[in-house]
Each structure stands twice: as C-alpha cells, then as structure tokens.
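Colleague: For reference, the structure I am asking about is given below.
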C-alpha cells in the first residue's frame, strides 16, 4: 500500500510517500479499514518535529484520525462487518499503525460507524476533536445547562466542536477568536459572545459578561500565557480545563488558588498511550453518541481544506501556519 512515512524527526519534508507492505489483522478483535480520509491534528506536527512515542517501531506512519470502509474482520469481531463505513481515533504516535495510509488495522472497540450525513473527509476530521471536547466539558468540568463557559479559540478544530457541545446542554458560551470572520463563524455555531482577543482583553470582557463573577467553566485550547490569564475570568470554585501542560515559567497559580479553582488536564490520547482498553472503549462510545448527534443535525464538523495523501507535508505547513478555522484532512482515493 501507499503510505506517508516519517523518515526522521524534523520539518514537514521528512514526510515521504512510500510503498510499504499491507498491514494484516493480528488479533481476532481487529478490523482492516480501507482508509478514505485521515485527519491532520496538532499532535501530528508535534510528533513529526520532536520524534515519535515509539522510536523503536518502524516505519513511522502519523495520523490518529481515520475514516473508511471495513475491508476485513477478525474472527471475534461482532460489531462490524465488511462494507461498513466507520471512523475512529487510533494509532499515529509511532510505528506502522497510523492513518496517513491506504489501509489501517484497528481494534473494534476504538471504532464507530461513520455518520451517514458526513463525507469520509468530514468524518476523518472529527474523532480526536470530538472526544477531546466531550471529555473536557462533559467528563472533566461536568458542564450542565444554565452555566456559563469560556472556550478559547472557538473557531479552531476542538473549539468549534466544544461550542456546539456546550450549547447542546443549554450553557451560555463566550469564546475567543482572532478576526471578525471567525466571530461570525462562531455565532453561527451558537456562541453568545465572541471576543476578538487581539482588540479586547478577554478576561475583562468575560467579567463584564458575567457581572464580575467569572464563568462557571473555562476551556483552554491555547495554553501558554493564556492559561494563566484565564484564571481571574473563572468564578470562585469554578472549573478550568486545559488540553496543554501549564508552563510554570509563564505564570503561577496564585489567583487560581485564591479562587479555589478546580483545574483539570485533558489528554484524550492517554488510553492509547497506556493501552487502557476500557477507556478506549468508552471513547468509542463517545463517537457513537456523536454519530447520532451529527445525523440528527445537532452537531457539525467544519472541514477547512483537503489535501491528497501525497501532499501531507503541505497539510502540515498549513496547520503550523496557525489562524485556521476548522480542520484539515488528507484524502485517499
């Protein structure tokens, strides 16, 4: 099969299209998927530039997100059959199991049926951001109706999904964006207050919006100084969830401590990295629930741009340029 192989850690040009052997089902509970799309996520660019989690396994194929058609199933597979259209988040952190390829082998518990209303490219854009936003808002912060939430980078991959999930619960949403175009985009998703952070101090805008109290929940998808600047915008005893590791060189937690904030760290890759089967199955069930929401017209995925598989390097360059709405996907014919 054709696959984009990471030949070394470095710039996007280390991603090279190669011909490699087809993957084979090795466990009775695995399925073989003919991929039609692979999502491109920030974790892909980080692994490419820094090195993989499993340097001893080769070849290195990136891409955690995939969507395609089941081509073969293991002897014990009872959830899928040949011909099913599926999507999933699995692999792509080092070694031969990744989705920048024509074929992928995946454990059935990681997989869900693709929403019928989505193209394969749209479906491939979805799994990682759906699970990340779901776990952050629903599992970590326990968000519920009537609460207020601040979502950073609301026009981004995770952010645009998080806005919709928050609104589905009946929460009020404030979100940071970098342009008026993005402000209009997030309003269409249901955001109550877009804040153009380049022109306005978001923490002050949030306090004004909440009559000086701060939001019940803040969801940080940016990291860096933004994490620390968010603390005074969260109400006393509120929740702050971040998907990035706070850097102590950029701030401190004095304000968070004085406001008695509950801080949660979200890494949806943990079940894959630590081989936690029950948690991987739970994430598969999250995708099943999202499939229903998407097919019911309650949740949408914004696909910004697609690239042919052979142009993975160009896709990485676009993602790393920043200031992008929605998601990028590699498509396989």
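Numbering (UniProt numbering), first residue to last: 1 to 333. A virtual CB, placed ideally from N, CA and C, is assigned to each residue, including glycine. Note that the coordinates shown come from a computational prediction; the quantities given were computed from them, not determined experimentally.
Can the beta-carbon of residue 250 be found closer than 9 Å to that of residue 228?
Modeller: For the purposes of this step, residue 250 is taken as residue 250 along the chain shown, with counting starting at 1. For the purposes of this step, residue 228 is taken as residue 228 along the chain shown, with counting starting at 1. In this structure, residue 228 lies closer than 9 Å to residue 250 by Cβ.
Colleague: For the 8 Å Cβ check, are there 3 or more pairs between the stretch 130–139 and the stretch 230–243?
Modeller: Result yes; three or more Cβ-Cβ pairs closer than 8 Å.
Colleague: Would DSSP call residue 6 helix, strand or coil?
Modeller: By one-based count along the chain shown, residue 6 stands at place 6. Of the three classes helix, strand and coil, the one that applies to residue 6 here is strand, per DSSP.
Colleague: Once DSSP output is grouped into helix, strand and coil, what is the label at residue 179?
Modeller: To locate residue 179, count along the chain shown from 1; it is residue 179. Of the three classes helix, strand and coil, the one that applies to residue 179 here is coil, per DSSP.
Colleague: Quick one: is residue 298 buried, meaning 16 or more other Cβ sit within 10 Å of its Cβ, or exposed?
Modeller: Numbered from 1 along the chain shown, position 298 holds the residue referred to as residue 298. Residue 298 comes out exposed.
Colleague: Report back the beta-carbon spacing between residue 196 and residue 183 to the nearest angstrom; my notes put them in contact at under 8 Å.
Modeller: Taking the first residue of the chain shown as position 1, residue 196 is located at position 196. Taking the first residue of the chain shown as position 1, residue 183 is located at position 183. Yes, they are in contact, since the Cβ atoms of residue 196 and residue 183 sit about 6 Å apart, within 8 Å.
Colleague: Please determine if the stretch 67–82 and the stretch 264–271 are in contact, where contact requires at least 3 C-beta pairs separated by less than 8 Å.
Modeller: Taking 8 Å as the limit for Cβ pairs, the verdict is that the stretch 264–271 does not touch the stretch 67–82.
Colleague: Relative to the C-alpha of residue 154, which candidate in 144, 173 and 169 has its C-alpha closest?
Modeller: Start at 1 with the first residue of the chain shown, and residue 154 comes out as number 154. The shortest C-alpha separation from residue 154 is found at 173.
Colleague: Please report the distance separating the alpha-carbon of residue 84 from that of residue 230.
Modeller: As a first step, residue 84 must be located in the chain shown, where it is residue number 84. As a first step, residue 230 must be located in the chain shown, where it is residue number 230. Looking at the two C-alpha atoms, the distance is approximately 44 Å.
Colleague: Could you give the uninterrupted runs of the beta strand (DSSP E) lying entirely in the stretch 50–96, keeping only those of 3 residues or more?
Modeller: Listed in chain order, they are 65–73 and 85–89.
Colleague: Can you give me the C-alpha to C-alpha distance between residue 39 and residue 61, rounded to a whole angstrom?
Modeller: If you number the chain shown from 1, residue 39 lands on position 39. If you number the chain shown from 1, residue 61 lands on position 61. In a straight line, the C-alpha of residue 39 is about 13 Å away from that of residue 61.
Colleague: Is the CB-CB distance between residue 35 and residue 122 below 9 Å?
Modeller: Taking the first residue of the chain shown as 1, we reach residue 35 at position 35. Taking the first residue of the chain shown as 1, we reach residue 122 at position 122. Taking 9 Å as the Cβ cut-off, residue 35 and residue 122 do not qualify as a contacting pair.
Colleague: Quick check: the stretch 305–320 against the stretch 275–295, are at least 3 beta-carbon pairs closer than 8 Å?
Modeller: The stretch 275–295, when compared against the stretch 305–320, does not touch it at the 8 Å Cβ threshold.
Colleague: At what residue ranges does the stretch 139–225 contain a whole run of the alpha helix (DSSP H), taking only runs of 4 or more?
Modeller: Those alpha helix (DSSP H) runs which fall completely within the stretch 139–225 and span 4+ residues are 157–168, 180–189 and 202–209.
Colleague: According to DSSP, is residue 42 part of a helix, a strand, or is it coil?
Modeller: Reading the chain shown from its first residue, position 42 is the one you call residue 42. Helix, per DSSP.
Colleague: Quick one: residues in its chain with C-beta nearer than 8 Å to the C-beta of residue 203, no 5 flanking neighbours on either side, listed in chain order?
Modeller: Mapped onto the chain shown, residue 203 falls at position 203. Excluding residues within five positions, the ones whose Cβ falls inside 8 Å are 229, 230, 232 and 233.
Colleague: Measure the Cβ-Cβ separation of residue 44 and residue 92 and say whether it is below 9 Å.
Modeller: Start at 1 with the first residue of the chain shown, and residue 44 comes out as number 44. Start at 1 with the first residue of the chain shown, and residue 92 comes out as number 92. Against a cut-off of 9 Å, the Cβ pair of residue 92 and residue 44 comes out as a contact.
Colleague: With DSSP run on the structure shown, which of helix, strand or coil describes residue 48?
Modeller: Taking the first residue of the chain shown as 1, we reach residue 48 at position 48. Three-state result, residue 48: helix.
Colleague: Does the distance from the CB of residue 171 to the CB of residue 147 come in under 9 Å?
Modeller: Here residue 171 corresponds to residue number 171 of the chain shown, with the count starting at 1. Here residue 147 corresponds to residue number 147 of the chain shown, with the count starting at 1. Against a cut-off of 9 Å, the Cβ pair of residue 147 and residue 171 comes out as a contact.
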